[in-house]
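Residue numbers (the numbering used here): 8 to 270. Each residue gets a CB set at the ideal place from its N, CA and C atoms; glycine is no exception. None of these values were measured; they are calculated from a predicted model. Here's the structure, in structure tokens; my notes come after.
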């Protein structure tokens with residue numbers, strides 16, 4: 008998880024800042040992150056996620072680790088992840104009966120622009136629910152479930168990478184256990200079991216060749232890492248090394264007449 012997101016949310020909640028200030032800080036941060044991250048963050052989704060998550064923390068429903076994970080899921084998800092369908096249907100119906108956008112935004116604790124978007128897209132929303140209420144909804148639900156799992160996988164991979172960067176050794180069982188916990192916190196599918204098959208697919212999809220690392224716990228000394236990069240670059244130039252001669256290694260044990268478990 009990106010330290011910047013965690014810092015902004017923690018600081019904003021601790022200082023009891025107005026949610027608009029927290030949202031603005033997150034939008035600015037993620038606009039900057041676009042320069043180094045391939046994920047395109049929608050400011051509207053960031054705003055909605057910040058508002059929703061702040062209330063969750065105040066109610067002590069999520070710890071900070073789960074909070075940041077859920078934030079990733081939301082800003083890479085869809086509005087349906089944030090606003091339950093029945094709630095959206097109720098808002099559209101009441102708008103058609105003449106209730107104002109401002110009143111409904113306050114009642115449902117949404118931004119005025121969010122409810123305004125629902126009003127502008129009311130015909131599409133009604134068509135969507137008409138399809139869901141008909142016998143044609145199975146295919147749509149299957150697509151929605153597939154999309155939701157894709158966002159879950161992407162968000163979980165960010166958690167995995169961050170923990171590895173922190174120097175934590177993550178075994179398969181730890182990953183499976185955490186996946187179940189986070190899937191539950193996100194309100195994911197009840198069918199998700201984080202099975203061995205799921206773990207193998209996760210590793211293949213993200214190119215994770217090995218979970219176990221031999222030797223001592225990995226270090227996350229950023230200062231030392233920056234200095235060693237300069238030294239290595241200098242050494243490569245001085246010794247005229249090719250890319251084939253550059254690799255990383257860690258200690259391991261070799262047993263007589265026994266093949267190693269990992270390559």
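Test item: CB-CB of residue 129 and residue 99 under 7 Å: Locating residue 129 in the chain shown gives position 122, counting from the first residue. Locating residue 99 in the chain shown gives position 92, counting from the first residue. Yes; because the gap between Cβ atoms is below 7 Å, this pair is in contact.
Supposed close pair residue 167, residue 176 - CB separation, criterion 8 Å: Residue mapping note: residue 167 aligns to position 160 of the chain shown, counting from 1. Residue mapping note: residue 176 aligns to position 169 of the chain shown, counting from 1. About 12 Å separates the two Cβ atoms, so there is no contact after all.
Coil, strand or helix - residue 213 by DSSP: Along the chain shown, read from residue 1 onward, the residue named residue 213 stands at position 206. Here residue 213 sits in helix by DSSP.
Distance between residue 238 and residue 244 (C-alpha atoms, nearest Å): Locating residue 244 in the chain shown gives position 237, counting from the first residue. Locating residue 238 in the chain shown gives position 231, counting from the first residue. Each residue's Cα considered, the two are about 10 Å apart.
Opening and closing residue of the alpha helix (DSSP H) in which residue 111 lies: As a first step, residue 111 must be located in the chain shown, where it is residue number 104. Run containing residue 111: 108-114, per the alpha helix (DSSP H) assignment.
Backbone secondary structure at residue 178 - three-state DSSP: Here the question's residue 178 lines up with position 171 in the chain shown. Residue 178 falls in the coil class under three-state DSSP.
Inter-residue Cα distance where the pair is residue 125 and residue 94: Within the chain shown, numbered from 1, the residue matching residue 125 stands at position 118. Within the chain shown, numbered from 1, the residue matching residue 94 stands at position 87. The alpha-carbon atoms of residue 125 and residue 94 are separated by roughly 11 Å.
Alpha-carbon to alpha-carbon, residue 102 and residue 205: Here residue 205 corresponds to residue number 198 of the chain shown, with the count starting at 1. Here residue 102 corresponds to residue number 95 of the chain shown, with the count starting at 1. Distance between the alpha carbons of residue 205 and residue 102 is about 44 Å.
Euclidean distance between Cα positions of residue 240 and residue 172: Your numbering for residue 240 matches position 233 in the chain shown. Your numbering for residue 172 matches position 165 in the chain shown. Each residue's Cα considered, the two are about 22 Å apart.
Where residue 167 sits in the DSSP three-state scheme: Position 160 of the chain shown, counted from the start, is the residue given in the question as residue 167. In the structure shown, residue 167 sits in a helix (DSSP, three-state: H, G or I).
8 Å CB neighbourhood of residue 160 in its chain, flanking five on each side removed: In the chain shown, residue 160 corresponds to position 153, counting from 1. Correct list, in chain order: 209, 212.
Cβ pair residue 189, residue 201 closer than 7 Å: Sequence index remark: in the chain shown, residue 189 carries index 182 (1-based). Sequence index remark: in the chain shown, residue 201 carries index 194 (1-based). Contact: no.
Residue range of the unbroken alpha helix (DSSP H) whose run includes residue 249: Translated into the one-based positions of the chain shown, residue 249 becomes position 242. Here residue 249 belongs to no alpha helix (DSSP H), and DSSP marks it neither H nor E.
Inter-residue spacing [alpha-carbon to alpha-carbon] between residue 114 and residue 123: As a working note, residue 114 is residue 107 in the chain shown. As a working note, residue 123 is residue 116 in the chain shown. Taking the straight line from one Cα to the other gives about 14 Å.
Local conformation of residue 263 per DSSP, three classes: One-based indexing of the chain shown puts residue 263 at position 256. Of the three classes helix, strand and coil, the one that applies to residue 263 here is coil, per DSSP.
Presumed contact (8 Å Cβ cut-off) between residue 112 and residue 118, rounded CB distance: Your numbering for residue 112 matches position 105 in the chain shown. Your numbering for residue 118 matches position 111 in the chain shown. Right, their Cβ atoms sit about 6 Å apart.
Separation of residue 249 from residue 179, as counted between CA atoms: Against the chain shown, residue 179 aligns to sequence position 172. Against the chain shown, residue 249 aligns to sequence position 242. The straight-line gap from Cα to Cα measures roughly 35 Å.
For residue 133 and residue 170, the rounded distance between their alpha carbons: By one-based count along the chain shown, residue 170 stands at place 163. By one-based count along the chain shown, residue 133 stands at place 126. Near 43 Å, if we compare the C-alpha coordinates of residue 133 and residue 170.
Local Cβ density within 10 Å of residue 181, reported as buried at 16 or more and exposed below that: Working through the chain shown from its first residue, we reach residue 181 at position 174. With fewer than 16 other Cβ atoms within 10 Å, it is exposed.
Residue 120, enclosing alpha helix (DSSP H) - first and last residue: The residue labelled residue 120 in the question sits at position 113 within the chain shown. Note, residue 120: alpha helix (DSSP H), 119-127.
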